[in-house]
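J.:
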Amino acid sequence: MKHLSVNHLLGIKYLNKNDIQLIFETADHFKEVINRPIKKVPSLRDITIANLFFENSTRTKLSFEIAEKRLSADILNFSAGQSSVKKGETLIDTVNNILSMKVDIIVMRHPNVGAGVFLSKHIDTKIINAGDGTHEHPTQALLDSYSIREKLGTVKGKKVVIIGDILHSRVALSNIFALQLQGAEVKVCGPTTLIPKHIASLGVTVETNLKKALKWCDVANVLRVQNERMDVNYFPSTREYTQLFGINQQVLDSLDKEIVIMHPGPINRGVEITSDVADSNQSIILNQVENGVAIRMAVIYLLAQQIKR
Amino acid sequence: MSSKILLNSKEIEIILHRLACQLIENHNDFSNTVLIGLQPRGTFLANRLKEILTEQYHIQDLKLGLLDITFYRDDFRRRDEPLEATNTTIDFLIEDKNVILIDDVLFSGRSIRAGLSAIQDFGRPKLVELLVLIDRRFSRHLPIQPNYKGRQVDAINQERVKVCWKETHNKDAVYIEHNT
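For the record, the sequence lines run as chains H and W. Numbering-wise (the numbering used here), the first sequence opens with residue 127 and increments by one. Numbering-wise (the numbering used here), the second sequence opens with residue 5 and increments by one.
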């Protein structure tokens, strides 16, 4: 019988190939559910989930929330901005207080790397990492791979380039782990200042010429420049960044094949990607958002299955 | 474990034809009736009935859907083994339709209860009927009874009814197995 090999979803690093396969197969069933006239199943009626967002989020928060509602779970929403965190409460105290309200699963986004792992060592409940600083964003990587599998049939053997601000991106790291586990080749492309120094040790190749990277790949996953995480200037100007690393229709037309364009959002239109590309048939950006709900339903369902009363 | 045969392939063939005729008696040309096989094991019976109805009784445009009830079960997290989902393929709405739910063995009635909940997510049916190949009497946990049944058996709880189909076991047969 099929189980996840982990008790939490803290990062792709902790998963194996079979876990990803199980999550995808379960997500296939939920994708069918969310396309029904009534998009809800009663599986998690007696489960309570707290969504703890210590950092801003629109898409991920809404996606988790709707996934939980589609599974009939009860949910609590918490945003650090309006909470006692501002009054000096520690993470463990905040979470323990929430757990006293009999919560079964915690979905957490936190600005600090490893916040989920830290929490998992101190409390006895299921934790889903919805992004920890610049470290991992596992559900995003799962939905990205799931979207590639849906578009191209398989992830194995595909060539994927991740373009942009790799240094500050948790999406990039989780994607590298997930794609490699499934047998894809991964390249990163961006200004050298935004590529981590020892990234080659992860088994990925580096390319600083956008055109060469696009020629090589089957899929391009385009990332946003995370200005809010930058303490110094990593490139001279946004205009220069766009000229060298922005994806536009002209550069795509110059390739001899049609590649798949992805973006985890939020998009800065006209910076890393132009509007015509983002809205083109090559782009699967909105499919990623739809698949995000199915993937998150699958992850929550599979972890909830482990909870015994 | 001892096992004895309850139905052989000839008997199953006769029963399937009888069930098909009973369905025609109540649903005429099936213009407002759909068949829904419960995954995983009710689907073989549903497919076979569809085959008989279309090929031998010339029912046109008979709609058959397959319904997975995993997410509607009442034993989620109450079993040692995780529940594994299968595909649901219902590419039509069941709003105002007569629905015939099809499963191989009716035992506790809990699967049918889950099926009744699941079916509501595809619309409000006009009527729901239940067809089973084997009805195990005296084992119900819920007030659910079949409208059409192949064979009624009185099996004790230690016994298990096993339905084999050509598609999976090379021949059609129903056995009663007893743990000794």
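All residues carry an ideal CB built from backbone N, CA and C; glycine is no exception.
For W:P86, go through chain H and note every residue whose CB falls closer than 7 Å to its CB, in chain order.
T.: Within chain H, M127, K128, H129 and Q431 have C-beta atoms less than 7 Å from the C-beta of W:P86, given in sequence order.
J.: Grouping DSSP H, G and I as helix and E and B as strand, with all else coil, what is H:G193?
T.: Position check: residue 193 of chain H holds Ala in this sequence, whereas Gly was assumed. Three-state DSSP puts H:A193 in a helix.
J.: Pull out every residue of the segment 138-158 of chain H whose Cβ sits closer than 7 Å to any Cβ of chain W, in chain order.
T.: T152, H155 and E158
J.: Determine the burial state of H:P163: buried for a count of at least 16 other Cβ atoms within 10 Å of its Cβ, exposed for fewer.
T.: exposed
J.: Return the chain-ordered ranges of every alpha helix (DSSP H) run that is complete within the segment 199-228 of chain H and spans a minimum of 4 residues.
T.: As far as the segment 199-228 of chain H is concerned, its whole alpha helix (DSSP H) runs of at least 4 residues are 217-225.
J.: Can you check which of these residues, W:E181, W:N183, W:H182 and W:A177, is closest to W:E15 by C-alpha distance?
T.: W:A177
J.: If I follow the unbroken alpha helix (DSSP H) through W:L53, where does it start and stop?
T.: Per DSSP, W:L53 belongs to the alpha helix (DSSP H) from G46 to E59.
J.: Cα-Cα, which of H:M423, H:L412 and H:A424 is closest to H:S273?
T.: H:L412
J.: H:I167 touches chain W at which residues, Cβ-Cβ below 7 Å?
T.: It is worth fixing the name first, because residue 167 of chain H is Val in this sequence and not Ile. Here the neighbours are F75 and Y76.
J.: Hey, is H:I253's beta-carbon within less than 7 Å of any beta-carbon in chain W?
T.: no
J.: Give the straight-line distance between the Cα atoms of W:V204 and W:V103, rounded to the nearest whole angstrom.
T.: Given a span of 5 to 184 for chain W in the structure shown, any question on residue 204 of chain W remains unanswerable.
J.: CA-CA distance, H:T400 and H:Q306?
T.: 29 Å
J.: Give me the Cβ distance between W:G127 and W:I73, rounded to the nearest whole Å; I'm assuming they're in contact under 8 Å.
T.: W:G127 to W:I73, Cβ: 17 Å. No contact.
J.: Measure from the alpha carbon of H:G257 to the alpha carbon of each residue in H:G242, H:T251, H:K247 and H:L269, then state which is nearest.
T.: Selected option, being the one with the closest Cα: H:G242.
J.: For W:F80 and chain C, any beta-carbon pair shorter than 7 Å?
T.: Checking the listed chains, one finds no chain C in this structure; the protein chains it contains are H and W.
J.: Is H:Y360 helix, strand or coil by DSSP?
T.: coil
J.: Counting only beta-carbon atoms, is H:R162 nearer than 7 Å to chain W?
T.: yes
J.: According to the neighbour-count rule (16 or more other Cβ atoms, all chains shown, within 10 Å of its Cβ), is W:C25 buried or exposed?
T.: Classification for W:C25: exposed.
J.: Rounded to the nearest angstrom, what separates H:E333 and H:C315 at their Cα positions?
T.: 5 Å
J.: Taking beta-carbon pairs under 9 Å, can you tell me which members of the segment 50-77 of chain W lie near chain H?
T.: D72, T74, F75, Y76 and R77
J.: Taking only beta-carbon positions, decide if W:T172 is within less than 7 Å of chain H.
T.: no
J.: Label H:H348 either buried or exposed according to how many other C-beta atoms from any shown protein chain fall within 10 Å of its C-beta, with 16 as the threshold for buried.
T.: It is worth fixing the name first, because residue 348 of chain H is Val in this sequence and not His. With 16 or more other Cβ atoms within 10 Å, it is buried.
J.: If you draw a straight line from the C-alpha of W:I116 to the C-alpha of H:L225, how long is it?
T.: 36 Å
J.: What residue ranges within the segment 68-139 of chain W form continuous alpha helix (DSSP H) runs of no fewer than 4 residues, ordered along the chain?
T.: Fully enclosed alpha helix (DSSP H) runs of 4 or longer: 114-123.
J.: Taking one C-beta from the segment 134-147 of chain H and one from the segment 388-406 of chain H each time, how about it: are there three or more such pairs within less than 8 Å?
T.: no
J.: Quick check: is the beta carbon of W:T47 nearer than 7 Å to any beta carbon in chain H?
T.: no
J.: Output the distance between the C-alpha atoms of H:P264 and H:T368, rounded to the nearest integer angstrom.
T.: 28 Å
J.: Beta-carbon within less than 8 Å of H:I289's beta-carbon, same chain only, minus the 5 sequence neighbours each way: which residues are those?
T.: Answer for H:I289: V314, C315, G316, L336, A339, A346, N347, V348, L349, F371, I373 and E398, listed in chain order.
J.: With W:S6 as the anchor, note down where its beta strand (DSSP E) starts and where it stops.
T.: S6 to L11
J.: Scan the segment 381-420 of chain H and note each continuous beta strand (DSSP E) run of 3 residues or more that stays entirely inside, going in chain order.
T.: 386-388
J.: So which residues on chain W does H:R296 lean against when the C-beta distance must stay under 8 Å?
T.: Per Cβ cutoff of 8 Å: no residues; H:R296 is ~29 Å from chain W at best.
J.: According to DSSP, is W:G154 part of a helix, a strand, or is it coil?
T.: strand
J.: Identify the contact partners of H:R435 in chain W, using a Cβ-Cβ distance below 9 Å as the criterion.
T.: The answer, in chain order, is R81 and R82.
J.: Looking at the unbroken alpha helix (DSSP H) that takes in H:G242, where does it start and where does it end?
T.: A241 to H248
J.: For H:M127, I'd like the list of residues in its chain whose CB is within less than 6 Å of its CB, leaving aside the five on either flank, ordered along the chain.
T.: Residue confidence for H:M127 is low, a pLDDT of 47 falling below 50, so the modelled location carries little weight; the figure read from the coordinates is stated next. Hits under 6 Å: none found.
J.: Quick check on DSSP: helix, strand or coil for H:T174?
T.: strand
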